[in-house]
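Residue numbers (the working numbering): 434 to 553.
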């Protein structure tokens, strides 16, 4: 992985996390507009969002070199992306749980509006 991309990925780590918070439909139409490197990074993060995988398992699944996996993950961590990394495994601690939390906040806000309407 080129140093320029690693630096860019580190700078964009928090934006990538925000992208993952978007609703599925929003992500679907924006995804093709992203650079190939960012799309590949999002695929990597999606892959490790359900369970920890070794760097070799990730590399095999995505057909990339394990060193590239390590470099991408380290760049994301350096940029503030919440990942659980060990010597050999990676796990995205956010992703689906974050999306569910966002939906529960939206539901709570809607319920509060409903309660106010009912009180009036």
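Just so it is clear, CB atoms sit at the ideal spot from N, CA and C, and this is done for glycine as well.
On a predicted model such as this, the values are computed, not experimentally measured, just so you know.
Residue i, buried or exposed, once every other Cβ within 10 Å from all chains shown has been counted against 16
i, result
"residue 469", "exposed"
"residue 474", "buried"
"residue 509", "buried"
"residue 453", "buried"
"residue 530", "Interpretation of residue 530 is limited by its pLDDT of 40, a score under 50 that renders its predicted location unreliable; the figure taken from the coordinates is listed afterwards. Exposed."
Cα-Cα separation between residue i and residue j, rounded to whole angstroms
i, j, result
"residue 618", "residue 513", "The structure shown does not extend to residue 618, since the chain is modelled only from 434 to 553, so the question has no answer here."
"residue 519", "residue 490", "14 Å"
"residue 434", "residue 458", "30 Å"
Inter-residue CB distance, residue i and residue j (contact presumed, cutoff 8 Å)
i, j, result
"residue 506", "residue 516", "6 Å"
"residue 471", "residue 449", "7 Å"
"residue 492", "residue 485", "15 Å between Cβ atoms; not a contact."
Cut-off 7 Å between Cβ atoms - residues of its own chain near residue i, not counting five sequence neighbours on either side
i, result
"residue 511", "443"
Quick check: the region 478-487 against the region 440-447, are there 3 or more CB pairs under 8 Å? With a cut-off of 8 Å, the region 440-447 and the region 478-487 do not count as touching, because too few Cβ pairs lie within range.
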